[in-house]
Amino acid sequence: MSAHEQFAEDLALHALGTLQGDERARLEAHLDSCAACRQELADLRGDMALLAMSTAGPKPPQRSRQRLLNAIAKEPRVPATASGRASRFNWWAALGWTAAVAMLMVVVQLRRENYFLRESVTNLGALTSQQTLELANAQRVVDTLTAPEAQTVTLAASKNPQPQGKAFYLKNRSGLVFVANNLPALPADKIYELWLIPPTGAPIAAGLFKPDAKGNATIVNPPGLPPGVEAKTFAVTLEPASGPHDAPRGTGVMQGGA
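Shown next, in the form of structure tokens:
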């Protein structure tokens, strides 16, 4: 339970002026450091003024109702007067005040439910955004593998068993899918790196990878690949795992031209 939920009923009782003792002191200490609860208290006091004009209201939460009844029970008893008119006036005043309390408790509950509803909407929006991003990424992979204008490059080595790789590259969307097999296992201090080599200019880093136990590896849409770059060649080199990885420094493993 959050601090706001914990103090929700105390705020309602404080707005009515019935919160006493340690609970009041604890709430006032919390209010000193919580702007949200101070605003909630101000809103409740405004709602109480409006709800006092209504004649009906649902039943308040049991915990608040019991605390309110306990507070009323502690009030000093006023001796009964001989005037029936005065008694009727006090009875009707108490009834109207109790109705206002009940309605104020309902406002507290509605505010709490509204808070949880807003949280649910926020979480749903974040989930939808994530799903949209994943769908767009999946669509980019499909486009890269199936587009007629996508380049398909096969990389091979001269040693047996030959490591082999295939790159599917869609330059206008920076889409790149690379799969490799027959790759030798690597020590902990080494790593493979894929390079996109344009017709002119320096090689462009296109992802780091290590093979699995069967010698297979995959790179899908590596980040930072600039859009629209023509690929003349793709190559794989063996690099130090600690880097740097901005330019080829290790030995070549395989390469292939578009």
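Residue numbers (my numbering): -2 to 255. Just so you know, even glycine gets a beta-carbon here, dropped at the ideal spot from N, CA and C.
Selected residue, minimal CA-CA separation from residue 235, among 244, 176, 25 and 248: 248
Rounded C-alpha distance that separates residue 116 from residue 24: 24 Å
Residue environment, residue 146, which counts as buried when at least 16 other CB atoms sit within 10 Å: exposed
Nearest neighbour of residue 220, chosen from 191, 197 and 9 [CA to CA]: 191
Segments of 4+ residues assigned as alpha helix (DSSP H) that fall wholly inside the stretch 9 to 46: 18 to 30
C-alpha distance - residue 90 paired with residue 21, whole-angstrom precision: Low per-residue confidence applies at residue 90: pLDDT is 47, beneath 50, and the placement is therefore not dependable enough to give any value.
Cross-strand partners of residue 233 (DSSP beta bridge): 191 and 251
Pairwise C-alpha distance: residue 217 and residue 56: The pLDDT assigned to residue 56 is 47, lower than 50, so where the model puts this residue is not dependable, and the model offers no usable value.
Chain-order list of residues whose beta-carbon lies under 6 Å from that of residue 37 (same chain, five-residue window excluded): 8
Residue 169 (DSSP reduced to helix, strand or coil): helix
For residue 253 and residue 162, the rounded distance between their alpha carbons: 9 Å
Pair within 9 Å by beta-carbon distance, residue 180 and residue 164: no
Alpha-carbon to alpha-carbon, residue 135 and residue 125: 15 Å
Close Cβ partners of residue 243 (< 7 Å) along its chain, the five nearest in sequence each way excluded: 202
Identity of the residue in 255, 16 and 170 nearest residue 224 by Cα: 170
Euclidean distance between Cα positions of residue 193 and residue 160: 18 Å
Sheet register partners of residue 225 (DSSP bridge): Bridge partners of residue 225: none, in fact.
Straight-line Cα distance separating residue 232 from residue 200: 9 Å
Reference residue 178, options 113, 210 and 137, closest by Cα: 210
For residue 148, the residue or residues it bridges with in DSSP: 166
Where residue 86 falls, given that 16 or more other Cβ within 10 Å makes a residue buried: Only weak support exists for where residue 86 lies, its pLDDT of 43 falling under 50; the value from the coordinates is given anyway. That one is exposed.
Nearest-angstrom Cα separation, counted from residue 183 out to residue 197: 31 Å
Buried versus exposed call for residue 113 [16 or more other C-beta atoms within 10 Å across all chains shown]: exposed
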